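K.L.:
Following our numbering, the numbering of the sequence shown begins with 25 at its first residue and continues without gaps.
Note that beta-carbon positions come from the ideal geometry of N, C-alpha and C, so glycine has one too.
The model shown is predicted, which means the values in this text are computed figures rather than measured ones.
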Amino acid sequence: MIRQINFSLPAYPRGFHLVTREVATQLGDLPETGFLNLFIKHTSAGLTINENADPSVRVDFESIFNKMVPENLPFLTHTMEGPDDMPAHIKTALVGTSVMIPITKHRLNLGTWQGIYLCEFRNYGGNRKLVATIYS
């Protein structure tokens, strides 16, 4: 059986944000076993799974990504939407737009220290639309 849920996350400031609870709230009852595919319908924000305990990890992610892909690079040509836009597209390509999570005993089977991150790469990204597909 396949079930699909469309929902939005509220606007978050630029950075890496733990959204595991917000996502789980949208899913409803989960099957005994299966998979969740979570997809973000944007090209300037991504999803990943990482550390859920220490908030400094998310701060460090933001710092490293900004150093790897800084704004205002003189050779960028896609600049109509502001200096944060093209770097946001590149960062999204690096992180990706979906995660796959196993479902076991009606719960997301994440590791002890794992959580779902919304990676917001725009200064003012707005609400972000997601699609959750549950396979059982």
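When you compare each of L71, F59 and R45 to L154 by their alpha carbons, which one comes out closest?
P.N.:
By 1-based counting over the sequence shown, the position of residue 154 is 130. Taking only the C-alpha atoms, the option nearest L154 is L71.
K.L.:
Going by the CB atoms, is the gap between L42 and Y141 shorter than 8 angstroms?
P.N.:
Along the sequence shown, one-based indexing puts residue 141 at 117. Along the sequence shown, one-based indexing puts residue 42 at 18. Result yes, Cβ atoms of Y141 and L42 sit closer than 8 angstroms.
K.L.:
Tell me whether V47 is buried or exposed, calling it buried when 16 or more other Cβ atoms sit within 10 Å of its Cβ.
P.N.:
Working through the sequence shown from its first residue, we reach residue 47 at position 23. Within a 10 Å sphere around the beta-carbon of V47 sit 16 or more other beta-carbons, which makes this residue buried.
K.L.:
Which first and last residues belong to the beta strand (DSSP E) in which A117 is found?
P.N.:
If you number the sequence shown from 1, residue 117 lands on position 93. Here A117 belongs to no beta strand (DSSP E); instead the alpha helix (DSSP H) covers D109 to V119.
K.L.:
DSSP state of F89, grouped into three classes?
P.N.:
Here residue 89 refers to the residue found at position 65 when the sequence shown is read from its first residue. DSSP places F89 in helix when its eight states are reduced to three.
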